[in-house]
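Okay, so here's the structure we're looking at.
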Amino acid sequence: MRSAAEVNEHIRALWMRAGGTLSAQERAEYELLVVEWAAAIRGDVVEAA
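For the sequence shown, my numbering gives the first residue as 1, with consecutive numbering after it.
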């Protein structure tokens, strides 16, 4: 699993490429990245505990 920071970088890059407006395909990619980011955040919290 990628780290939350790594997934966040992919999210930022997607928004930069899209110029602030996502196409339907980019929106689908964004949604998958957000789910992956949330899982990574939860994983980071569990590791810290």
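Ideal placement from N, C-alpha and C gives every residue a C-beta, glycine not left out.
Within 10 angstroms of the Cβ of residue i, are there 16 or more other Cβ atoms? Answer buried if so, exposed if not.
i: VAL7; result: buried
Assuming residue i contacts residue j (C-beta within less than 8 Å), just tell me the rounded distance between them.
i: LEU32; j: LEU14; result: At roughly 10 Å, the Cβ-Cβ gap does not stay under 8 Å, so LEU32 and LEU14 are not in contact.
i: ALA40; j: SER3; result: 6 Å
i: GLU26; j: ALA18; result: 5 Å
Quiz item: Going along the chain, which unbroken runs of the alpha helix (DSSP H) with 4 or more residues stay wholly within the stretch 2-41?
Solution: 4-18
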